[in-house]
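Residue numbers (the numbering used here), protein chains in the order written: chain A, 987 to 1293; chain B, 987 to 1293; chain C, 987 to 1293; chain D, 987 to 1293. A short write-up of the structure that comes next.
Number of protein chains: 4
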Amino acid sequence: MRGFRTDLAMECITEENVHIEGVQVNTHQIGDIKHTRIRIDSESAAEALKRKCGQYITVEYPDLPRYDTEKKKLLVKLIAQAVRTLLPEEGDILVVGLGNRNVTADALGTRVVERLLVTRHLRQAMADELRTKLRGVSAIAPGVLGLTGIETAELARGLVAHVKPAAVIAIDALAAFESERICTTIQITDTGIEPGSGVGNHRLGLTAETLGVRVIAVGVPMVVYASTIARDAMARLINEYGLFEPGHEEATEQLLRQVSEGFLGDMVVTPREIDELVLNVADLLSDGINQALQPAIDTDTLHTYMH
Amino acid sequence: MRGFRTDLAMECITEENVHIEGVQVNTHQIGDIKHTRIRIDSESAAEALKRKCGQYITVEYPDLPRYDTEKKKLLVKLIAQAVRTLLPEEGDILVVGLGNRNVTADALGTRVVERLLVTRHLRQAMADELRTKLRGVSAIAPGVLGLTGIETAELARGLVAHVKPAAVIAIDALAAFESERICTTIQITDTGIEPGSGVGNHRLGLTAETLGVRVIAVGVPMVVYASTIARDAMARLINEYGLFEPGHEEATEQLLRQVSEGFLGDMVVTPREIDELVLNVADLLSDGINQALQPAIDTDTLHTYMH
Amino acid sequence: MRGFRTDLAMECITEENVHIEGVQVNTHQIGDIKHTRIRIDSESAAEALKRKCGQYITVEYPDLPRYDTEKKKLLVKLIAQAVRTLLPEEGDILVVGLGNRNVTADALGTRVVERLLVTRHLRQAMADELRTKLRGVSAIAPGVLGLTGIETAELARGLVAHVKPAAVIAIDALAAFESERICTTIQITDTGIEPGSGVGNHRLGLTAETLGVRVIAVGVPMVVYASTIARDAMARLINEYGLFEPGHEEATEQLLRQVSEGFLGDMVVTPREIDELVLNVADLLSDGINQALQPAIDTDTLHTYMH
Amino acid sequence: MRGFRTDLAMECITEENVHIEGVQVNTHQIGDIKHTRIRIDSESAAEALKRKCGQYITVEYPDLPRYDTEKKKLLVKLIAQAVRTLLPEEGDILVVGLGNRNVTADALGTRVVERLLVTRHLRQAMADELRTKLRGVSAIAPGVLGLTGIETAELARGLVAHVKPAAVIAIDALAAFESERICTTIQITDTGIEPGSGVGNHRLGLTAETLGVRVIAVGVPMVVYASTIARDAMARLINEYGLFEPGHEEATEQLLRQVSEGFLGDMVVTPREIDELVLNVADLLSDGINQALQPAIDTDTLHTYMH
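Written out as C-alpha cells, the structure reads:
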C-alpha cells in the first residue's frame, strides 16, 4: 500500500517496523494529551522508515484547536519543553516561517512568525542585566518561490550568513496521512524540513546540511491529500474483500495509481473551518516558541512586550 | 450508489433519467465553453431528479478561474445573459451574499457582493434621464447564523418587506460531486437556494416561498465533500470487481456508509490555491451580475462608478 | 471658537458650562483610570451643550490600547458595569456594529461584533436551566450605505421589528476634538447614535426615536479631523497674540473657515499604528459587552463557547 | 519656517532655490497630468535642497487613485517610461517592498510586490527564445525591523550578494508636506531611499552606497504628519498677521516647536478611504513596473502569466 503521503514521522511507525534496531519510541499520556518521542539512530532504520536520523517529538490532543485556558497553558508548556530540548542552550535564534500567507492551509508559518517576540534589534539598547536574560531572536516569513523568485532555503542561507544564529527554527504546515491528525498533532524535530515536504512542497530543504546550523522544525498537519483519502477508502475495501489475492494485484495497483495520480491532482482535504483553526494553532505554537526562547519572561509580560 | 452530495442540477442528470418526461436539456458549445439549459417542468421529474421545478443554466469552462481578458469578456456576457433571462424586466433588485466571509471556501457570496454596483441610495439624487437608465440595486452579505444569531433567510425576508424588490439574487458557494467542477462550473437558476445546500448548509432556504418574490440563485462549486471522494473511489473499485453482485450488496453498502458518515466528518476537498480562485470567480460573477442589472452602462464605466 | 467636531459629550463640558442647571458631572479616579458620569437632564442644558438628554459614561486610560493582563480585567469590568447600568434587566439584545470594515479607522463596530458571543439561535436547543442563565443576543455589522444601498438605521429598524429585542447596543468609531483621546477614551451612553456622528458620518441616527427601543451606544474615538487639528493650532496662536481683539475678529474667523472647509477636506488624523490599536480596543469592548450581557458566565468559559 | 517633513524632492524646490546652479527642473503637461523631471548635479545644490544628487521624476494627477481605464493606461505608460529611463538596460532586477503590511498607510511597498511578475525562478525552464525576452525579476517584502529584528537594508544587502541583480527597485510609502499630494504624486528617483524617510522611518537607507548596485526608488505620499498640518495652519496665520516681525520671532518659533514636537507626536493625516486608495495606487505602480521590466510582453499577457 505505497503512495500515501505524510510529513509525520509517527505515521511511518507501524507494528512491523517499530521493533527495527535503531528506532526508539517512548509514549506517555498526560490526561488526554499524548506525548511521543521517536528517536531514529541508525541509517538502516532511517531508510526503512523513510525518515532522517534524529529526534521527533509529537504532542497530540484531539481538541487541540479548541483548547480552553487551562489546556492551552499545558500545551504551550509541552511545546516549549520540546523546542527547548532540541535547541542549543545559548546563542541567537532565527525563526523562518515557511509557506504562502495567501493560501489558508499553507499560512501557518507566516501566522506563527507574526506572533513572535522579536528581540535582536532591541538588545543593543538594553541594560546589561536584561540583555543577559533575553535571547536574541529574529524572524522572517519571506513568502514562497512563486511570489519571490527566490527559494526560501536560499534566502535563509543568506540570512544565516549575516545574522549568524546558533540555530534556525523553521515552521511549516504539514500534510498527514490520516485526516484526524489535521490541527491536532504537533511535530517538533531536529531534522529540519525536507525537500518536497509541507503543504507548499518546498524544492529545497532547510536542514543542517543546507544552512550550516542546527534546524529545529515545528509543524502541524493542515491537509491530507485528496488522493490519500481516496486510496485509503479503496484500501479499506480491498482489505475487506481480499482483492490483493494473486491475480488481482496488478489491476488493483493500477486502479490505485489512477486515482491518486489522476483526477484528484493537487486537491487537498481540510476541515471547513480551517481559516479559524490555523489562527488557533498559530497562537499555541507562537506562545510555546516564545516561552522556549525566553524562559526568563512569563507569558503575560511577553504579550505586553509584543504590543 | 446513493449518498453523494451535490448542489448542481446537471450532476443529477444521468443517462437513465435524461429522457424522463418533464425534463429538457439543451447543450451547446461556444468554443471551449459549454452552455447547458435544463428545464424541469413536472413534479414527477422534479422528484426523480431530487431538484425543484424551474430552470437551471450552467456555464462550464475548465480554465474558468484562470481566464484571459478575451475569455473573461465572453464568460461575463454569458453570465449576464443567463441572469437577465431569469430576472423580471423591471423593478429594484436585492442581492444577498450567503456564506461566511471568514471561511475561504464559503466566502464567494460575500466577495461578489463587495464588487457590486449598488445604486438604490443614489437614485433619489439623480436626474430623471439617468434614473430611468439605472436599475435600483441594494446588496448585503449579512454573515452566517453562528455569527449573527439570525438566519439569512429571516433577515432577507425582513429586507424584502422593507426594500420591496422585484426579485432577489442570492449568491452562494456550492458543493459538487465531481472535483473537476470546483471553480469551473457556474449555475444560475430561478429556483432559489434550498435548505441544507451550499458549503455552509443553510437551515432555511431562500426561495419564492420563503421570501415572497422570485429568487435567482447564482452559485459555483467550491468544495466536494471528502466523503464523496472516498465513496467515489470505492465505487470505482466496486464497479471494476463487480462487488455489487448478490450477496455482497449489504456489506458493501455498510462499508460505504461507514466511510461517508464516519471518520471524514465535515472535511472538504478543495484546490490548494482556493483563496485565489474564489477571488477570480467572484470577479467574473460580479461583472456578469453588474452587466445584467445595468445593461445601459458599459463595464468600464461601471468600474469607474464603483470607486 | 466654533467649528470643532467631537462625538464625545465630555469634550462639550467646559469650565463655563459645567455649572449650567440640568448638568451633573461625577468623576472618580481608579488608579490611573478616570471614570466620568455625565447626566444631562434639561432641554436647555441639552441645547447649551449640543448633546441629547441622557447619561454619558466615559472610561479614560492613556495606555488603553496597550493594556497588560491585569489592567485589561479592570477595564473590561468597568465597561461591563457601565453597559449593564444602562441596559434593561431582561430581554433579548440586538447588537449593531456600524461603520465600514474596509476602512481601518471606521471598522471598530465590525471588529467588536465579530468577537461577540451570539446566543439567540442556540437557546431553543438548550436545557431550561441554562436558557434562563443565558441572555439572547443577536449581532450584525451590515456595512455602510455606499456598499449596501440601505441605511444602517433602516436595516436596524427592520431587524428590531423581527427580532424584537428589549434594547439595541450600537457600536461605532467616533471622532474627537483632542488627538490624545484617540483609542484612550470609551464613551457609553443611553442616547443612541446621532445623525452625522461617527467616522463614517451616518445620515440617519440610531436612537429610541428611530428604532422604537432603547439604544445604548458604545464608541471610542479613532480619528480627529485634520481641520480640527489645524483650527486648534491656529487657536493657540490666536490666544497667544490676542488676535480676536476688535477689528481682527472677522478676518481671523474667515481664515479659520478657510482652513477647515478648504484644503483639508475629509482628511483625518490617526496614530500610525491605528490598524493594531483598533483590534486591541475591539478586544476590550467585546469582552466588556459579553460580560455585561452574560454576567452568569465567566470570561474564560465565554471564550471557549466562542470557538 | 523650518521643520516641515517631506520625502518629495519637488516640495523642496521653491521660487528662491529653483535657480541655484546645479538644479534643473523640466515640467510638461500631458492633458491633466503633470510630468516633472528634476536633476540635481552639484553638491552645493544638493545641500541647499537637502536632497541627494540625482534624478527625480514626478507624475502628478489630482484624481490619480480614481483613474478610469484610459487614464490608467497613460499613467502606467508614464511610470514605465520613468522607471526604464533610470534602470540599467540589462541584467536581473531585485524589487524590495518596504514598510509594514499591517499598517495601512505603510503597506504600499508590500502591496506592489504582491502584484509583480516574478520570473527569476522560471527562466531556467524556458526555451532560449523566450528567456532572452524575459528579464529576471525577484521580489521581496520582508517586513519592518520591529517584526523581523533585521533592518530591511541589511536583508537587502544579503540578497543582493546572493541574487546579484543589476539594480534594485525599492518601493515605499512617503510622507509629504502638502496634504493634496497624498495618493496623487508618484516620485521615481535613482537616488534610492534615505535613512529616516518613508512612513515607517527607516533607520538605514537603501542606496547605491549601502547595497553596492544602483537603487531606483518608487514612492507615493500616503500621509502628512499631523504636526506638519498644524505648523502649516499656524504659518498661514503668521503670514497673514506678519507675526515674524522683530520681537515676535522667538516666541512664534517656540510655539511652532511646541505644536510639532509636542502633543501631536507621531500622528499622521490620511484620507478616510486610505485603505482603498493604497490598493488602487499599488495597481498603477505594479502595472508600470511590470511594463518597465518586461517591455516585450503586453499587459494582458502579463496578467495571464500572473495567475
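Glycine included, every Cβ here is placed at the ideal spot set by N, Cα and C.
Below the 9 angstroms Cβ cutoff, chain B contributes no neighbours of T1256/D, its closest Cβ being approximately 17 angstroms away.
Neighbours of A1125/A in chain D, taken as residues whose beta carbon is under 8 angstroms from its own, are L1133, T1134 and G1135 in chain order. Rounded to the nearest whole angstrom, the C-alpha separation of E997/A and I1275/C is 45 angstroms. For Y1227/B, the three-state secondary structure derived from DSSP is helix.
In this structure, V1009/C keeps its C-beta atom at 8 angstroms or more from the C-beta atom of L1080/C.
Using a Cβ distance threshold of 8 angstroms, L1242/C and R1217/C count as a contacting pair.
In the DSSP annotation of this structure, the continuous segment of the alpha helix (DSSP H) that includes K1057/A starts and ends at T1055 to L1072. Residue state for I1215/D is assigned as helix, using DSSP reduced to three classes. Where S1124/B is concerned, the enclosing beta strand (DSSP E) starts and stops at V1123 to I1126. Per the C-alpha coordinates, the member of P1048/B, A1125/B, E1046/B and D1027/B positioned closest to G1040/B is D1027/B. Inclusion of G1095/A and A1127/A in the CB contact set at 8 angstroms is warranted, their separation being smaller than that value. The alpha-carbon of V1254/B is positioned some 18 angstroms away from that of G1186/A. In summary, the residues of the segment 1157-1173 of chain D whose CB is separated from some CB of chain C by less than 9 angstroms are E1164, S1165, E1166 and I1168, in the order they occur in the chain.
When Cβ-Cβ separations below 8 angstroms define contact, E1140/C makes contact with chain B. Among the residues of chain B, those whose CB is under 7 angstroms from the CB of V1149/C are I1136, following chain order.
Sequence-distant Cβ neighbours of V1062/B in its own chain, meaning closer than 7 angstroms and more than five residues away, are L1270, D1273, G1274 and Q1277. When 7 angstroms is used as the limit between beta carbons, P1181/A is near no residue of chain D, the shortest such separation being about 15 angstroms.
In the three-state reduction of the DSSP assignment, M1112/D falls in the coil class. Think of a sphere of 7 angstroms around the beta carbon of D1286/A: the chain C residues whose beta carbon falls inside it are D1054 and T1055, in chain order. Secondary structure at H1107/A: coil, using DSSP grouped into helix, strand and coil. I1079/D: member of the beta strand (DSSP E) spanning I1079 to G1083, first to last residue. Under a 10 Å Cβ-count criterion, D1158/A is classified as buried, with 16 or more other Cβ atoms of the shown protein chains found around its own Cβ.
At a cut-off of 8 angstroms between beta carbons, L1116/B makes no contact with chain C. Bounds of the beta strand (DSSP E) holding Q1041/A are G1040 to E1046. Bounds of the alpha helix (DSSP H) holding D1269/C are I1260 to L1279.
In the three-state DSSP reduction, M1220/A falls in the helix class (H, G or I).
By the beta-carbon neighbour count (other beta carbons within 10 angstroms, threshold 16), I1260/B is buried. In the DSSP annotation of this structure, the continuous segment of the beta strand (DSSP E) that includes R1023/A starts and ends at I1019 to I1026. Taking a beta-carbon distance threshold of 8 angstroms, R1217/C does not count as an interface residue toward chain B. In the structure shown, A1152/D falls within a coil segment according to DSSP collapsed to helix, strand and coil. For secondary structure counted as the beta strand (DSSP E) over 3 or more consecutive residues, the segment 1172-1201 of chain D holds no complete run. In the DSSP secondary-structure assignment, D1158/B is bridged to G1205/B. DSSP places V1009/B inside the beta strand (DSSP E), whose first and last residues are V1009 to I1016. Boundaries of the alpha helix (DSSP H) around T1134/B: L1131 to T1134.
S1183/B counts as buried, since no fewer than 16 other beta carbons sit within 10 angstroms of its beta carbon. Within 10 angstroms of the beta-carbon of H1005/A lie fewer than 16 other beta-carbons, which makes it exposed.
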